[in-house]
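Note sheet for the following structure.
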Amino acid sequence: MTADRAERSADAIRELIVTGRLMPGQRLSEQSVSESLDVSRNTLREAFRILAHEGLLVRRPNAGVAVARPTLADIVDIYRVRRLIEVPVLAAGDPAHPGARIMRDAVDSGTSPPSCACRSASWATTAPSSTASWTATPPCCAGSSRGTPTAPRPT
């Protein structure tokens, strides 16, 4: 029973992290989180243990628990996986789609699409509240003049 509650609590906290409602480096108070999830502190500690094992939380001596900050290696891994998924999807896309011309022109010119987030003064302020907000290269810029392979041009 307690294990179920701990898993459900871990699921709830994981969702808050993934959706960006809990930000990297944010300290988590046992008291406030246990109250908001309506679980005991012991159950919450078990949920924290689960998430720390997954690498989503870090335990700090004498400072409690905080949301993990992604490393450069984590960010590179995220974009490698995205490239594995997104490049074939773009390649298989309908070349007549209005977005195909914009993407083809961006690839040809080595720039980002006109509406690209990187064109703003601060990517961090325009990034969605998700893992993308971890100050990584905006997804639209991953294939532009940054040395990352780009999607094949639709034919």
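All letters in the sequence shown, in the order written, are residues 7 to 161 by this note's numbering.
Using N, Cα and C, we set each Cβ at its ideal position, and we do this for glycine too.
Values in this document were obtained by computation on a predicted structure and should not be read as measured data.
- When secondary structure is reduced to three states using DSSP, Arg27 falls in the coil class, being assigned neither helix nor strand.
- The residues Val73, Ala74, Arg75, Pro76 and Trp140, in chain order, have a CB closer than 8 Å to that of Pro30 in the same chain once the five nearest residues on each side in sequence are set aside.
- Leu34 is bridged by DSSP to Val71.
- About 5 Å separates the CB atoms of Leu34 and Val71; that is less than 8 Å, so the two are in contact.
- DSSP, reduced to helix, strand and coil, places Leu63 within a strand of the structure shown.
- Here the stretch 79 to 94 makes no contact with the stretch 40 to 60; the two share fewer than three CB pairs at distances below 8 Å.
- Rounded to whole angstroms, the Cβ separation of Leu57 and Ala12 is 10 Å, and the two are not in contact under 8 Å.
- In this structure, DSSP gives Pro101 a state outside helix and strand, which the three-state scheme calls coil.
- Rounded to the nearest whole angstrom, the C-alpha separation of Gly61 and Leu43 is 21 Å.
- With respect to Ile23, Ala53 sits apart: the two C-beta atoms are not nearer than 8 Å.
- Straight-line spacing of the CA atoms in Ala112 and Ala97 works out to 15 Å.
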